[in-house]
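Under our numbering, read the sequence shown as residues 13 to 374, first letter to last.
Glycine included, every Cβ here is placed at the ideal spot set by N, Cα and C.
Here's the structure we're looking at; comments come further down.
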Amino acid sequence: MTTTPPATVMATDRGGNTTTTRGQGLQIRGLRKTLGGRDIVAGIDLDVAKGELVSLLGPSGCGKTTTLRMVAGFLDADSGSIRMGEADVTALGPERRPSAMVFQNYALWPHMTVQQNVAFPLRTRRVDRTVADQRVDAALQLVNLTHHARSKPTAISGGEQQRVALARAIVQEPDVLLLDEPLSNLDAKLRVEVRDEIRRIQQRLGITTVIVTHDQDEALSVSDRIAVMHDGRIEQVAAPATLYASPATRFVASFIGSTSALDGSARGLIDDALLTRSDVDGGLRDGDEVLVRPESVHIVAPTEGRLMRVERVLMRGHFSEVVLDDGLHAFVGRPPEVGSVVGVRVDRVLVYRDGLLVGGAS
Ligand SMILES: Nc1ncnc2c1ncn2[C@@H]1O[C@H](COP(=O)(O)OP(=O)(O)OP(=O)(O)O)[C@@H](O)[C@H]1O
Ligand SMILES: [Mg+2]
């Protein structure tokens, strides 16, 4: 098999970051949708490289499902274009796009067996029976459900039903797999199991995938890149580690991980931070917001840092979260006594001006 080197495509997000990715997976340009007089999707550009998994992450109501439904073809866009591979699919219905979507409620037919549910999309496409049977068997094997082929959906667990929905999408051998909150109906343990399974299958088959989620842990653990959505727009697209270390906007910083604002007396901590004036464009100005992540806040001897009182200690399992003066949070291994006075230093801060990151990130 010969492979053509994919075209290079670029996209720029609101934070001004330009990402260059391999093309030919999914390309979304200028996607817009107004519903009920509101701009629900307000101009989205996104490239997903072939075989890449991108999560669309954002709070409830920010337009994730609306975006995914337009990509799948279940909802017409007001404007913009969608390409899958080399083809412009903008004007095509869902059945003519090389994509398959898994809906949040997985919509299995209760009167059909697992095998029949998975075979259904192939029946409607009139795929030859022998070929269809082979593909259904392979899909069921992939999601580890061969032993439940003859069960009805009501006789299997939530996680198994979720995997049937996944098999029903995979059996179509889509170029682009679209998953809307695929884990939201599962309990915490199953969620991790099915999440890892989806990632394993996606990587094994090399399917270009978009997963919609509002769960940052889910997005951070399975994605090649994450697109953070807010009010119908993408705020930033980046690899999980980049997104966490250098959130391009104030919104992304508050949505991914936790942060405390440095104001009041805590602002004095900046002097001790590694932050130098040259890190911040034009130096720190009035009105700049300075944020710090709990792992960048360190408790040291009183002589070595700014003095602060320990307000509260929250047990988090293998570490503790210490709440200090001014609502500053620190993650520590061994917590100090509540009410004691400790030295505090920070080694890294994030500075935002007009909502955009201007410095302090490494
Ligand atoms: N047909 C419609 N008419 C009017 N408003 C709509 C319609 N469909 C969706 N909306 C609105 O669009 C906004 C975005 O909806 P969408 O379902 O895309 O959000 P979401 O990001 O998927 O949220 P969630 O995480 O809760 O699923 C919501 O405020 C919703 O009320
Ligand atoms: Mg939704």
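Tell me which residue opens and which closes the beta strand (DSSP E) that Met96 is part of.
Ser91 to Met96
Quick one, which of Lys62, Cys74 and Trp121 has its alpha-carbon nearest Arg95's?
Lys62
Can you grab the Cα-Cα spacing for the pair Leu319 / Gly355, in whole Å?
5 Å
Measuring only the C-alpha atoms, how far is Asp51 from Ser91?
12 Å
Let me know if His330 comes out buried or exposed under the rule of 16 or more other beta-carbons within 10 Å of its beta-carbon.
exposed
What ranges does the alpha helix (DSSP H) occupy inside the stretch 188 to 219, keeping only unbroken runs of at least 4 residues that lie completely in it?
200 to 217
Residue environment, Asn117, which counts as buried when at least 16 other CB atoms sit within 10 Å
exposed
Measuring from the CB of Leu47, is there a heavy atom of ligand 1 at a distance below 8 Å?
yes
Per DSSP, which residues does Tyr256 bridge with? Please list them.
The partner list for Tyr256 (beta bridge, DSSP) is empty, contrary to what the question assumes.
Mind the definition here: the stretch 202 to 214 touches the stretch 161 to 179 only if three or more C-beta pairs lie below 8 Å; say whether that holds.
yes
Mind checking which residues open and close the alpha helix (DSSP H) that includes Glu323?
Here Glu323 belongs to no alpha helix (DSSP H); instead the beta strand (DSSP E) covers Arg318 to Met327.
Between the beta-carbon of Val60 and the beta-carbon of Thr221, is there less than 9 Å?
yes
Min CB distance Leu104 to chain B below 9 Å:
In the displayed structure, chain B is absent; only one protein chain is listed.
If you check the beta carbons only, do Leu296 and Leu362 fall under 9 Å apart?
no
Helix, strand or coil, according to DSSP, for Asp408 in the structure here?
Beyond the ends of the chain as shown, which are 13 and 374, falls residue 408; an answer cannot be given.
Identify, in the order they occur along the chain, each residue of the same chain with its Cβ nearer than 7 Å to the Cβ of Arg375, setting aside the five sequence neighbours on each side.
A question about residue 375 goes unanswered here, because the residues of the chain that appear run from 13 up to 374.
Return yes when the C-beta of Met241 is under 8 Å from any heavy atom of ligand 1, and no when it is not.
yes
What separation, rounded to the nearest whole angstrom, lies between the Cα atoms of Val353 and Leu274?
18 Å
Under 7 Å, CB to any heavy atom of ligand 2. Which residues pass, going along the chain?
Lys76, Thr77, Gln116, Asp192, Glu193 and Val224
Backbone CA spacing between Ala181 and Val66 [nearest angstrom]
17 Å
Would you kindly report the start and end of the unbroken beta strand (DSSP E) that includes Ala250?
Arg245 to Ala250
Contact the stretch 183 to 199 vs the stretch 75 to 91: 3+ CB pairs below 8 Å
yes
Classify Ala103: buried if its beta carbon has 16 or more other beta carbons within 10 angstroms, exposed otherwise.
exposed
Residues of its chain near Glu301, where Cβ-Cβ distance is below 6 Å and the 5 sequence neighbours each way are ignored
Tyr364
Glu107 - containing beta strand (DSSP E), residue span
Unbroken run through Glu107: none, as it is neither H nor E.
Could you tell me whether any non-hydrogen atom of ligand 1 is closer than 8 Å to the CB of Arg162?
no
Count the other CB atoms within 10 Å of the CB of Gln184; is the residue buried (16 or more) or exposed (fewer)?
buried
Are Ala119 and Ala131 close, meaning C-beta to C-beta below 9 Å?
no
How far does the alpha helix (DSSP H) with Gln228 in it reach, from first residue to last?
Gln228 to Val234
Enumerate in chain order the residues of its own chain whose CB-to-CB distance from Gly269 is below 7 Å, with the five nearest sequence positions on each side excluded.
Tyr256 and Arg305
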